[in-house]
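K.L.:
Below you will find the structure I want to go over with you.
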Amino acid sequence: MSVKVMVMDDSPFSRMMISEALTENGYEVVGEVDTLEDLLETYATCKPDLVTMDIAMPGADGFECSRELRMHDPKAKIILVSSMKDEETEAEAKRIGVSGYIQKPIDAETLVKVINNIMSPDSLYEKLMERGFDTFKEALAQNVTRMAKTPVAFTEMGITDDPYMSQGITTVIGIIGQSTGTMIMDLSIESAEKIAEAILRRPAKNRDEVLAMVSELANIIAGIACSMLNKKEKAFSLRVSPPSLFHGNTAEITSPSVKIHQFLAATDFGDIFLGVGFKKGSVLWM
Amino acid sequence: MDVNMINPILCAFAEIIPQIGFQTVQKKNLSLVGPTFTYDGVLINLSVIGPIKGVIMIGMDNDSAKRFASKMMMGMEVVEFDKLAQSAVSEMGNMVCANACTQYSKIGVTGLDISPPILMIGQGGQATLPVPQTIVIHFLVDDINIKVYVGLV
């Protein structure tokens with residue numbers, strides 16, 4: 001069954017362009033409107049799966065119409081289609097709960113991609129869950145091998161929200177994008193000292209130097225893993241935060257809202273714990 | 287980081303905490319420390335990414351964390367800081383930081399996002415933030431001491 005779309009735009013030319021792009025790509029255009037009154041009435045009659053919405057219109061603008069429509073039906077899926085697209089309009093659209101945002105002139109390929117992601121929001125997340133963990137393992141193996149000249153062998157420890165007891169130094173890196181997530185890297189002080197010595201080709205001068213190495217290593221692994229994933233699928237749009245470091249006494253690490261895939265990477269210098277988890281984020285914005 | 291830049295976080299704290307079962311939110315004091323500090327108990331880590339980036343951490347001792355979770359769960363007894371209690375306080379961190387992003391957007395810092403919370407639970411551990419200086423805000427929420435560590439650049 002084809003996806004039913006309603007088009008709201010004050011310009012007959014824009015309505016025609018959007019409707020044609022939709023029809024050519026197998027969607028069913030069930031209504032075209034240009035005023036707030038018509039929007040609510042036609043929406044109730046046609047029951048579309050989603051609505052494309054212009055922003056600048058005489059009378060109620062696209063934001064006002066979106067707010068009204070979502071008050072009328074909180075589950076209404078709206079894609080803003082407008083020549084205006086900046087940080088302010090994006091922030092306002094997100095506050096209203098708009099599902100997607102495309103800039104005019106519309107590109108049919110982008111429109112299809114956004115609609116597909118809105119209608120099956122889980123598909124990108126599933127792709128990330130399929131590829132993500134191996135990519136992080138690959139980034140860790142490549143960079144630890146390259147920098148510290150040690151082979152790396154992984155053991156899978158499972159997917160869990162159970163706590164992990166830190167071995168000495170923990171790095172936490174936040175990830176945002178189409179999905180949000182976390183990378184946790186943990187290793188003992190002894191292992192970190194040995195890795196630092198291998199990388200620096202001399203013993204670390206002090207604890208701070210060891211901590212700086214661990215922090216940078218985690219930063220490189222997370223950054224490279226996210227870049228690799230973004231190259232495979234641009235829509236992931238993953239970005240990483242700077243690393244937080246926890247050290248000194250041992251501590252329990254828990255992730256109450258995201259299940260963490262846990263791996264243990266055996267190296268010549270001891271084990272490195274790698275934990276990666278993602279949760280479903282917002283749908284695609286282009 | 288300009289100390290005035292923490293105002294959105296103060297606003298977020300003042301706005302969210304009363305919504306989750308607490309009567310009073312008092313800002314006790316504010317201090318500036320280096321990137322590393324010692325913590326006892328529970329530390330919630332929330333990474334911030336966007337035009338300003340870094341981390342916001344919320345810390346409290348174990349007893350405070352249990353009392354905080356108990357109040358959030360409408361007085362339910364919290365004997366152990368178990369998964370439910372952990373989930374409650376991490377959700378508070380999530381709500382405060384998400385609201386802080388909205389507050390930042392009101393002063394023109396748009397496009398901020400936060401990562402899911404990670405909890406560190408331990409005694410005498412040290413945390414190092416990815417910034418030269420950390421702003422520490424000491425709050426008294428009802429009778430519970432909470433420290434918010436802000437490391438944003």
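Those protein sequences? They're chains H and X, same order as listed. Mapping of the first sequence onto our numbering: position 255 corresponds to residue 255, and the numbering continues sequentially without gaps. One gets our numbering by counting positions in the second sequence from 1 and adding 286 to each. Heads up, the beta-carbon is just placed ideally off N, CA and C, and yes, glycines get one too.
Are H/I260 and H/T171 close, meaning C-beta to C-beta below 9 angstroms?
P.N.:
For the purposes of this step, residue 260 of chain H is taken as residue 260 along the first sequence, with counting starting at 1. For the purposes of this step, residue 171 of chain H is taken as residue 171 along the first sequence, with counting starting at 1. Contact: no.
K.L.:
Which runs of the beta strand (DSSP E), 3 residues or longer, sit entirely within the stretch 71–147 of chain H?
P.N.:
78–82, 100–103
K.L.:
Please state the DSSP three-state secondary structure of H/Y27.
P.N.:
In the first sequence, counting from the first residue as 1, residue 27 of chain H sits at position 27. Here H/Y27 sits in coil by DSSP.
K.L.:
For the stretch 194–268 of chain H, list the alpha helix (DSSP H) runs that are entirely contained and at least 4 residues long, ordered along the chain.
P.N.:
207–232
K.L.:
Distance, Cα to Cα, H/V5 vs X/K352?
P.N.:
As a position in the first sequence, residue 5 of chain H is number 5, starting the count at 1. As a position in the second sequence, residue 352 of chain X is number 66, starting the count at 1. Each residue's alpha carbon lies about 50 angstroms from the other.
K.L.:
If we define contact as Cβ-Cβ less than 9 angstroms, is H/T100 a contact residue for chain X?
P.N.:
Along the first sequence, read from residue 1 onward, the residue named residue 100 of chain H stands at position 100. With the sequence shown as reference, residue 100 of chain H is identified as Gly, and Thr is not the correct amino acid for it. Chain X, which has no Cβ nearer than 9 angstroms to the Cβ of H/G100, makes this no.
K.L.:
Let me know the secondary structure DSSP gives H/S282 once reduced to three states.
P.N.:
As a first step, residue 282 of chain H is located in the first sequence; it is residue number 282 there, counting from the start. Confidence at H/S282 is low in this model, with a pLDDT of 48, below 50, so its placement is unreliable and the value that follows should be read with caution. H/S282 falls in the coil class under three-state DSSP.
K.L.:
Whose CA, out of X/A374, X/S333, X/T388, lies closest to the CA of X/N293?
P.N.:
Counting from one through the second sequence, the residue named residue 293 of chain X turns up at place 7. Closest option to X/N293, Cα to Cα, is X/T388.
K.L.:
Shorter than 8 angstroms, the distance from the beta carbon of H/A204 to the closest heavy atom of the ligand ATP, or not?
P.N.:
Looking for the ligand ATP in the displayed structure turns up nothing, as the structure carries no ligands at all.
K.L.:
Can you give me the start and stop residues for the alpha helix (DSSP H) that H/T45 sits inside?
P.N.:
In the first sequence, counting from the first residue as 1, residue 45 of chain H sits at position 45. Element bounds for H/T45: 36–46.
K.L.:
Does the stretch 228–242 of chain H touch the stretch 322–330 of chain X, meaning 3 or more C-beta pairs lie closer than 8 angstroms?
P.N.:
no
K.L.:
Let me see if you follow: with CB-CB separation under 9 angstroms, is H/W285 close to chain X or not?
P.N.:
As a working mapping, residue 285 of chain H is identified with position 285 in the first sequence. The predicted position of H/W285 is uncertain, since its pLDDT is 49 and thus under 50; no value can be drawn from it.
K.L.:
Between H/F273 and chain X, is the shortest Cβ-Cβ distance under 9 angstroms, so that the two count as touching?
P.N.:
Residue numbering aside, residue 273 of chain H sits at position 273 when the first sequence is read from its first letter. Not one chain X Cβ lies under 9 angstroms of H/F273.
K.L.:
With a threshold of 9 angstroms between beta-carbons, can H/H72 be considered close to chain X, or not?
P.N.:
Residue numbering aside, residue 72 of chain H sits at position 72 when the first sequence is read from its first letter. For H/H72, the nearest beta carbon of chain X is not closer than 9 angstroms to its own beta carbon.
K.L.:
Could you check whether H/I184 and H/S255 sit closer than 9 angstroms to each other, using their CB atoms as the reference points?
P.N.:
To locate residue 255 of chain H, count along the first sequence from 1; it is residue 255. To locate residue 184 of chain H, count along the first sequence from 1; it is residue 184. Yes. Within cutoff.
K.L.:
As a quick exercise: from X/L398, X/S350, X/G379, pick the residue whose alpha carbon is nearest that of X/V439.
P.N.:
Residue numbering aside, residue 439 of chain X sits at position 153 when the second sequence is read from its first letter. Of X/L398, X/S350, X/G379, the residue nearest in Cα terms is X/L398.
K.L.:
Measuring only between beta-carbons, confirm whether X/I400 sits less than 9 angstroms from chain H.
P.N.:
The count along the second sequence starts at 1 and reaches residue 400 of chain X at position 114. Interface residue, yes.
K.L.:
Of all the CB atoms in chain H, is at least one closer than 9 angstroms to the CB of X/N380?
P.N.:
Counting from one through the second sequence, the residue named residue 380 of chain X turns up at place 94. With 9 angstroms as the cut-off, X/N380 counts as an interface residue toward chain H.
K.L.:
Determine contact between the stretch 143–159 of chain H and the stretch 257–273 of chain H, defined as no fewer than three beta-carbon pairs at a distance below 8 angstroms.
P.N.:
Three or more beta-carbon pairs drawn from the stretch 143–159 of chain H and the stretch 257–273 of chain H are found closer than 8 angstroms, and the two stretches are therefore classed as touching.
K.L.:
Between H/I306 and the rest of its own chain, which residues show a CB-CB distance below 7 angstroms, the 5 nearest in sequence each way excluded?
P.N.:
With chain H represented from 1 up to 286, any question about residue 306 of chain H goes unanswered, as that position is not in the structure.
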